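Position in the sequence shown (first residue = 1) + 103 = my numbering. Backbone N, C-alpha and C fix where the C-beta goes; we use that ideal spot for every residue, glycine too. Bear in mind the structure is a predicted one, so any value in this text is a computation, not a measurement.
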Amino acid sequence: MKVLVVGANGAIGHKLVELMNNSPHQALGMIRDPEQAFALQEFDAEPVIADLECDCGPAVAGCDAVVFAAGAGPHTGPDKTESVDRDGAMRLIDACEATGVRHFIMLSAMRTRTPDQAPEKLHHYLQCKQAADEHLRRSGLQWTIAAPGRLNNDAPTGHIEAAEVLEEFGEIPRVDVARALLELLSLDNSIGRRVEMIAGKTPVREALTAS
Ligand SMILES: NC(=O)c1ccc[n+]([C@@H]2O[C@H](COP(=O)([O-])OP(=O)(O)OC[C@H]3O[C@@H](n4cnc5c(N)ncnc54)[C@H](OP(=O)(O)O)[C@@H]3O)[C@@H](O)[C@H]2O)c1
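See the structure below:
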């Protein structure tokens with residue numbers, strides 16, 4: 104499959120591009136800065152220059168699947184959370200529908216189901232992510248929502264705990280999330296499904312298949 108990774112210069116997006124280099128998929132990496140292209144070409148991924156705050160139609164055209172691993176991050180204001188994490192994602196979903204992309208995987212967050220139960224400083228971010236998730240569910244696309252707990256940079260274990268709704272909140276290494284996104288591209292049961300994930304004891308593919 105031809106897969107566009109959005110946020111390909113980010114920690115998870117870049118790792119996903121690297122993992123896809125040893126997979127049957129052909130990776131394209133969406134970046135804002137042409138100078139970031141070299142880091143994608145290292146993994147045989149085609150750079151696609153586009154910004155989520157602009158029209159991304161040309162960037163998704165011809166792709167079979169899109170993985171949204173972008174985000175404005177915690178060091179920008181609420182305006183960017185809205186224009187990138189919420190509106191940028193929604194515009195991208197619309198562009199995917201318009202251009203015939205089949206599968207859209209959204210990297211979301213575990214607490215988007217209940218933003219008000221998270222610490223107050225996260226409410227706005229989680230509400231924006233929740234709105235983007237809802238837009239995806241209501242779209243005509245085949246959708247998958249990956250909802251990890253708090254991300255960390257620990258060494259990957261290749262093992263996670265996954266379920267539609269996990270009973271406890273927890274952390275997960277970014278590289279294990281990238282591995283899960285790769286698996287979700289090809290697992291039969293990933294369509295029309297939101298899956299929460301944290302670090303655990305079950306191999307990633309097995310955890311996602313069983314959950
Ligand atoms: N922190 C957590 O605990 C947590 C938990 C669950 C989910 N998440 C979600 O997971 C996402 C990915 O995590 P990460 O650590 O890989 O993030 P990251 O390293 O900050 O990567 C985010 C990427 O998004 C790109 N981006 C930002 N604005 C953009 C725009 N307007 N157009 C196109 N690309 C844009 C950035 O591009 P540049 O490189 O050009 O800046 C960056 O490469 C986060 O954004 C967050 O929404 C986070």
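Exercise for the section: Note down, in chain order, each residue of its chain lying with its Cβ closer than 7 Å to the Cβ of E185, except the 5 sequence neighbours on either side. Expected result: Taking the sequence shown and counting its residues from 1, one reaches residue 185 at position 82. Correct list, in chain order: C231.
Problem - DSSP-derived helix/strand/coil call for H262 - result: Residue mapping note: residue 262 aligns to position 159 of the sequence shown, counting from 1. It is a strand residue.
Problem - C-alpha distance - A201 paired with E237, whole-angstrom precision - result: Here residue 201 corresponds to residue number 98 of the sequence shown, with the count starting at 1. Here residue 237 corresponds to residue number 134 of the sequence shown, with the count starting at 1. The alpha-carbon atoms of A201 and E237 are separated by roughly 18 Å.
Problem - Collapsed DSSP secondary structure at P306 in the structure displayed - result: For the purposes of this step, residue 306 is taken as residue 203 along the sequence shown, with counting starting at 1. Strand.
Handout entry: Proximity test, L290 beta-carbon vs ligand 1 heavy atom, cut-off 7 Å
Key = Against the sequence shown, residue 290 aligns to sequence position 187. The answer is no for L290.
Handout entry: Sub-8 Å separation of V151 and Q129 beta-carbons
Key = If you number the sequence shown from 1, residue 151 lands on position 48. If you number the sequence shown from 1, residue 129 lands on position 26. Result no, Cβ atoms of V151 and Q129 do not sit closer than 8 Å.
Handout entry: T202, enclosing beta strand (DSSP E) - first and last residue
Key = As a working mapping, residue 202 is identified with position 99 in the sequence shown. Not the beta strand (DSSP E): T202 falls in the alpha helix (DSSP H), residues D190 to T202.
Exercise for the section: Return the chain-ordered list of same chain residues with a C-beta closer than 6 Å to the C-beta of A164, the five sequence neighbours on each side being excluded. Expected result: Mapped onto the sequence shown, residue 164 falls at position 61. Cβ within range, chain order: T202.
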